[in-house]
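Below: the structure, in structure tokens.
Numbering (the working numbering), first residue to last: 20 to 241.
Listed below in structure tokens is the structure:
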């Protein structure tokens, strides 16, 4: 049963990553940008400068619930980002518009991630339970099915990494070239985006450890 210990580092890593991103965001959300752009203004300027006038910007409930919806072509900015003129808000808003630019450019990893969303959702939620169900009933079909489904979820997390890192890279370049923030504010934005990126790295590592645990469970049964 030693494989159970794989749960602990995955859990601790996830908790630490979430705490880090919230702590970093809270720190830089208190530092106002010199040029006074809000998150919504940042997103609108970047979109307009890239001829993406048809993409709307909306305020979403919650904290750090920011996302870009390619199907509806909407940049959703959380309450703590939409109307805030902090360095943190500008960085997050620019990051989400970075996804809109990826969508416009037909960025490969983004296409793959979007394609994987349905099966990844099923795999991450149901995969482990299907494996356990198969082990209890000694049915190899369900064990293998659960592992395959969760493997798709792991692949989704791995593909997410270049998507998020590329969006952050675009964000840094855009807010500087568009004159949204000053050069000496860039380090703060990078810290916010780097902390956010680490949550995706932590999620990928946790998923890999979970997959390893499922494989070890199936082999131990035999």
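The C-beta atom is built at its ideal place from N, Cα and C for all residues, glycine as well.
Here the structure is a predicted model, which means the values were calculated and not measured.
**Message:** On the DSSP bridge list, what partners appear for residue 76?
**Reply:** Reading the chain shown from its first residue, position 57 is the one you call residue 76. In DSSP, residue 76 forms a bridge with 94.
**Through-space distance from residue 205 to residue 197, alpha-carbon basis** = Walking along the chain shown from the start, residue 197 turns up at place 178. Walking along the chain shown from the start, residue 205 turns up at place 186. Their Cα atoms are separated by approximately 13 Å.
**Request:** Go ahead and pull the three-state DSSP assignment for residue 19.
**Result:** No information on residue 19 is available, as it lies outside the stretch 20 to 241 that the chain covers here.
**Request:** Have a look at residue 189 and residue 117 and give me their C-alpha separation to the nearest angstrom.
**Result:** By 1-based counting over the chain shown, the position of residue 189 is 170. By 1-based counting over the chain shown, the position of residue 117 is 98. Rounded to whole angstroms, residue 189 to residue 117 spans 6 Å at the Cα level.
**Prompt:** Which residues in the same chain as residue 132 place their Cβ atom closer than 8 Å to its Cβ, once the five residues preceding and following it in sequence are excluded?
**Reply:** Counted from its first residue, the chain shown places residue 132 at position 113. Counting only Cβ-Cβ distances below 8 Å, and skipping sequence neighbours, we find 175, 178, 179 and 182.
**Request:** Inspect the beta-carbon positions of residue 207 and residue 106 and report whether they are closer than 8 Å.
**Result:** In the chain shown, residue 207 corresponds to position 188, counting from 1. In the chain shown, residue 106 corresponds to position 87, counting from 1. Yes, these two residues count as a Cβ contact at 8 Å.
**Item:** One or two residues paired with residue 105 in a DSSP bridge
**Value:** Along the chain shown, one-based indexing puts residue 105 at 86. Note: residue 105 sits in a beta bridge opposite 51.
**Best match in 192, 86 and 94 for proximity to residue 72 [C-alpha to C-alpha]** = Looking up residue 72 in the chain shown gives position 53. The shortest Cα separation from residue 72 among 192, 86 and 94 belongs to 94.
**alpha helix (DSSP H) segment containing residue 68, residue limits** = Against the chain shown, residue 68 aligns to sequence position 49. 58–68 is the extent of the alpha helix (DSSP H) around residue 68.
**Message:** For residue 146, count the other beta carbons within 10 Å of its own beta carbon; 16 or more makes it buried, fewer makes it exposed. Which is it?
**Reply:** For the purposes of this step, residue 146 is taken as the residue at position 127 of the chain shown. Classification of residue 146: buried, given that the 10 Å Cβ count is 16 or more.
**Request:** Flag this pair as touching only if the stretch 230–238 and the stretch 156–172 have three or more C-beta atom pairs under 8 Å; answer yes or no.
**Result:** yes
**Asked** My guess is that residue 15 and residue 66 are in contact by the Cβ rule of under 8 Å, so how many angstroms apart are they, rounded?
**Response** The structure shown does not extend to residue 15, since the chain is modelled only from 20 to 241, so the question has no answer here.
**Asked** In its own chain, which residues sit with a C-beta less than 7 Å from the C-beta of residue 110, not counting the 5 before and 5 after it?
**Response** If you number the chain shown from 1, residue 110 lands on position 91. Once the five neighbours on either side are set aside, the close Cβ partners of residue 110 are 190, 208, 211 and 212.
**Asked** From what residue to what residue does the alpha helix (DSSP H) around residue 176 run?
**Response** Taking the chain shown and counting its residues from 1, one reaches residue 176 at position 157. Run containing residue 176: 159–196, per the alpha helix (DSSP H) assignment.
**Prompt:** Is residue 85 closer than 8 Å to residue 115 when the C-beta atoms are compared?
**Reply:** As a position in the chain shown, residue 115 is number 96, starting the count at 1. As a position in the chain shown, residue 85 is number 66, starting the count at 1. Yes.
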